[in-house]
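Since the structure comes first, as structure tokens, the remarks are kept for the end.
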Amino acid sequence: MIRSAVLKDAPAIGDLKVRSWRAAYAGFMSAASLDGLDPVEETADWAEYLADLPDRHRLWVAEQGGAVVGFCRTGPADGDQDLGGDAAEVYGLYIEPGLIGTGLGARLFGHAVADLEARAHRPLCVYAYLPNTSALRFYERAGFTQDGTTRLDEEEDGTAIAEARLVKHP
Numbered sequence: 015m016i017r018s019a020v021l022k023d024a025p026a027i028g029d030l031k032v033r034s035w036r037a038a039y040a041g042f043m044s045a046a047s048l049d050g051l052d053p054v055e056e057t058a059d060w061a062e063y064l065a066d067l068p069d070r071h072r073l074w075v076a077e078q079g080g081a082v083v084g085f086c087r088t089g090p091a092d093g094d095q096d097l098g099g100d101a102a103e104v105y106g107l108y109i110e111p112g113l114i115g116t117g118l119g120a121r122l123f124g125h126a127v128a129d130l131e132a133r134a135h136r137p138l139c140v141y142a143y144l145p146n147t148s149a150l151r152f153y154e155r156a157g158f159t160q161d162g163t164t165r166l167d168e169e170e171d172g173t174a175i176a177e178a179r180l181v182k183h184p
């Protein structure tokens with residue numbers, strides 16, 4: 015089941031973020047950054063976000079057996095002025111590591127994209143770390159195309175990882 019996240023989901027989202035980042039990014043993000051992720055801090059951050067969710071943002075969760083097994087966050091593509099004022103971004107998609115490849119991510123991502131399109135957001139974009147080739151392929155299979163735009167995501171330890179922008183036009 016996919017539904018809007020509520021405040022009581024914050025602990026599950028925080029914990030899932032830590033586990034999914036450690037599983038997905040271990041090959042190219044520093045061990046210090048990944049080891050420094052704290053589920054308690056993440057829970058507090060997500061609780062604060064959910065308590066004052068901006069109007070144009072959505073946070074979707076996927077549940078199985080009553081447990082949160084994925085989440086996807088969307089909102090305006092404010093940092094991408096070249097896409098226009100109606101553009102929106104999928105800020106993140108995270109799935110329980112053991113459920114990757116089951117179709118859960120595609121269903122959750124598809125739900126989030128359909129919601130953005132139903133609210134007349136065009137075009138849509140998502141960023142993925144360049145070393146994360148499986149994520150890039152996932153988004154391409156979902157109809158998004160790399161447009162050549164990149165940005166650097168600077169980590170707390172001073173390292174930076176390049177992200178590619180993928181765009182879906184109407």
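Quick note on numbering: the sequence shown equals residues 15 to 184 in this note's numbering.
Even for Gly, the Cβ is constructed at its ideal location relative to N, Cα and C.
Under a Cβ-count criterion, where at least 16 other Cβ atoms within 10 Å of its own Cβ denotes burial, should residue i be classed as buried or exposed?
{"i": "residue 171", "result": "exposed"}
{"i": "residue 54", "result": "exposed"}
{"i": "residue 17", "result": "exposed"}
{"i": "residue 38", "result": "buried"}
{"i": "residue 22", "result": "exposed"}
{"i": "residue 154", "result": "exposed"}
{"i": "residue 65", "result": "exposed"}
{"i": "residue 34", "result": "buried"}
Less than 7 Å between C-beta atoms, sequence neighbours within five positions excluded: which residues of the same chain meet that for residue i?
{"i": "residue 107", "result": "86, 119, 122 and 123"}
{"i": "residue 60", "result": "24, 27 and 28"}
{"i": "residue 105", "result": "87, 88 and 89"}
Measuring CA to CA, which of the options is closest to residue i?
{"i": "residue 165", "options": "84, 74 and 93", "result": "93"}
{"i": "residue 141", "options": "33, 40, 50 and 180", "result": "180"}
{"i": "residue 111", "options": "83, 161 and 159", "result": "83"}
{"i": "residue 77", "options": "151, 159 and 113", "result": "113"}
{"i": "residue 41", "options": "162, 158, 148 and 184", "result": "148"}
{"i": "residue 126", "options": "102, 115 and 159", "result": "102"}
Excluding the 5 residues preceding and the 5 following residue i in the sequence, name in chain order all residues of the same chain whose CB lies nearer than 8 Å to its CB.
{"i": "residue 169", "result": "43, 44, 47 and 175"}
Exercise. Is there contact between the segment 128–139 and the segment 84–101, where contact requires at least three CB pairs shorter than 8 Å?
Worked result: Inter-segment contact for the segment 128–139 and the segment 84–101 is present: three or more beta-carbon pairs are separated by less than 8 Å.
Exercise. Quick one: complete beta strand (DSSP E) runs, 3+ long, within the segment 92–154?
Worked result: 102–109 and 138–143
Exercise. Can you give, in chain order, each stretch of the alpha helix (DSSP H) that sits fully within the segment 25–104 and has at least 4 residues?
Worked result: 45–49 and 53–65
For this session: Note down, one range per segment and in chain order, each beta strand (DSSP E) of at least 3 residues found wholly within the segment 155–183.
Result: 159–168 and 174–182
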